[in-house]
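J.: Below is the structure I would like to discuss, written out as structure tokens.
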């Protein structure tokens, strides 16, 4: 269903990862402006609706109607490491923070100008990793694909170097930048 460059690169990385480690090791969920939180396996009707460009009040109203905050919080509560590859409006509809254990490390790949959305929460388990112009240039990709390319390269590094890569990223999320640039 999702055909964007970010999603395609993400799924390419996951395919390689799952071939090596199995299908049940990493889960993917999608935040849909029409359906709310979706499993990657959920079959849906095509649609053309986005959170991008909506005013804050409209974002929050739609988010509340779709129960995005509650559903994401319920989903991630038992995970150790969660990556969010979202745009600004999609992070806003999450209505951070989530009430989860401190051991649930949440990593947000976001453009440089959106850092304040994450750091305003000042929690030890929520991390901002800049995915902006500088990284786009270093990885020789476009903005549309950037976050998917980052995750794909992270999956490639784990396939090459082992699960310790995820453990190191959990301890220091900024290592993602170094890892993906080494893997270019």
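Residue numbers (my numbering): 746 to 929.
Beta carbons are placed, not taken as given, at the ideal position from N, Cα and C, and that holds for glycine.
Note that the coordinates shown come from a computational prediction; the quantities given were computed from them, not determined experimentally.
1) Under DSSP, the alpha helix (DSSP H) around residue 751 begins and ends at which residues?
2) Assuming residue 937 and residue 872 form a contact by the criterion Cβ under 8 Å, report the distance between their Cβ atoms to the nearest whole angstrom.
3) Flag this pair as touching only if the stretch 821-841 and the stretch 911-927 have three or more C-beta atom pairs under 8 Å; answer yes or no.
4) Is there contact between the stretch 792-802 and the stretch 832-842, where contact requires at least three CB pairs shorter than 8 Å?
5) Look up residue 777 in the DSSP assignment and say whether it is helix, strand or coil.
6) What do you get for residue 791, buried or exposed, if any count of 16 or more other CB atoms within 10 angstroms of its CB means buried?
7) In the DSSP assignment, the beta strand (DSSP E) including residue 872 goes from what residue to what residue?
8) Look at the alpha carbon of residue 838 and the alpha carbon of residue 782, and state the distance between them as a whole number of angstroms.
9) How about the stretch 891-908 and the stretch 802-821: do they share at least three Cβ pairs that are nearer than 8 Å?
T.: Working from what's here:
1) 750-766
2) For the chain, the structure presents residues 746 to 929; residue 937 sits outside this window and is missing.
3) yes
4) yes
5) strand
6) exposed
7) 871-875
8) 11 Å
9) no
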